[in-house]
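According to the working numbering, the stretch in the sequence shown is residues 3 to 101, in order. For every residue, glycine included, the Cβ atom is placed at its ideal position computed from N, Cα and C.
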Amino acid sequence: MDGDMTFDKKYEDTIRIVNLEHETLKLIRRTWATIALGGCFKVVDVKRACQDKVWREEIIERSLITLKDQRTLRNDAYWNTFSDYSWFYKYFKTRKYKL
């Protein structure tokens, strides 16, 4: 899962206008997919890691998150933003994606 979206051609202009393919949003989707499909952590764990950096490090190191994404997610602003998009956890949990 690289964070890219798949969508019908008719939505292409809307996706571009609202910038849903922005690198930060791709990082968020990619990371939620990795965590949801990895099965070790839940939304509550990610939320806890907003305040607990040791727990955050545990999540980052035990998940199959790329080194580049790991560096980014260690930043509080990125982690907190990622945490706010927890809707994707259920999305990836209920779809038939594989890492």
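Proximity below 8 Å, CB of residue i to CB of residue j
| i | j | result |
| --- | --- | --- |
| Q72 | I62 | yes |
| S65 | G41 | no |
Close-in-space but distant-in-sequence residues of the same chain around residue i (CB under 7 Å, 5 per side omitted)
| i | result |
| --- | --- |
| F94 | W34, A35, A38, L39 |
| V45 | S88, Y91 |
Residue i (DSSP reduced to helix, strand or coil)
| i | result |
| --- | --- |
| G40 | helix |
| Y65 | Reading off the sequence shown, one finds Ser at residue 65, where the question assumed Tyr. Reduced to three states, the DSSP call for S65 is coil. |
| V48 | helix |
Top-ranked residue by Cα proximity to residue i, from the options
| i | options | result |
| --- | --- | --- |
| K70 | T26, V20, Y13, I19 | T26 |
| N82 | K12, V20, V48 | V48 |
Cβ neighbours of residue i in the same chain (closer than 6 Å, five flanking residues each side left out)
| i | result |
| --- | --- |
| A51 | W57, R58, I61 |
| K12 | none |
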